[in-house]
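Novice: Once you've had a glance at the structure underneath, I'll fire off some questions.
Residue numbers (the numbering used here): 9 to 156.
Next comes the structure, spelled out in structure tokens:
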């Protein structure tokens, strides 16, 4: 009976440990390797837009897909992630009441039609979370409110 209990406890521990690891993906941008993840403790998924203007927008879905709308209002599908270490720990700079991450995205069309390496590269932009105002910003201009 003790062996069964010990085996059961070690099974539960190994399942919990393997599920707790963050999933990440290796990417290459400007001939440098990076790792990205969509796992973060904040509600990052949603629509980001300029304050008091309905378009252009950026939509981030929880599954790592989304939409990026340019200033000319053309919409393109993207895949995205936040930069992390090889073991899945998010890289960020902590401020007084904020945290700044690197958002990496790639236009989905470029995955299929890669005419040049410039058009097929991952784009790295700033993504910041401001805790006091409960706002998230992409590139310092497109914003989304969030609730803890």
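No residue lacks a Cβ here, since even glycine has one placed at the ideal position from N, Cα and C.
Just the Cα atoms here: how many angstroms apart are residue 38 and residue 148?
Specialist: Start at 1 with the first residue of the chain shown, and residue 38 comes out as number 30. Start at 1 with the first residue of the chain shown, and residue 148 comes out as number 140. Their Cα atoms are separated by approximately 22 Å.
Novice: Should the segment 91–106 be regarded as contacting the segment 68–75, the criterion being three or more beta carbon pairs within less than 8 Å?
Specialist: No: fewer than three Cβ pairs fall under 8 Å.
Novice: Under the rule that 16 or more other beta-carbon atoms within 10 Å means buried, what is residue 111, buried or exposed?
Specialist: Position 103 of the chain shown, counted from the start, is the residue given in the question as residue 111. Buried, by the Cβ-count rule.
Novice: Could you work out which residue in 101, 142 and 85 is closest to residue 114 when comparing CA atoms only?
Specialist: Position 106 of the chain shown holds residue 114. That would be 85, whose Cα lies nearest to the Cα of residue 114.
Novice: Go through its chain and collect everything with a Cβ distance to residue 44's Cβ below 7 Å, but skip five positions before and after it.
Specialist: Walking along the chain shown from the start, residue 44 turns up at place 36. Contacts found: 32, 33, 35, 89, 90, 91, 92 and 112.
Novice: Can you tell which of 82, 64 and 134 has its C-alpha closest to the C-alpha of residue 101?
Specialist: Taking the chain shown and counting its residues from 1, the one referred to as residue 101 is at position 93. Ranking 82, 64 and 134 by Cα distance to residue 101 puts 134 first.
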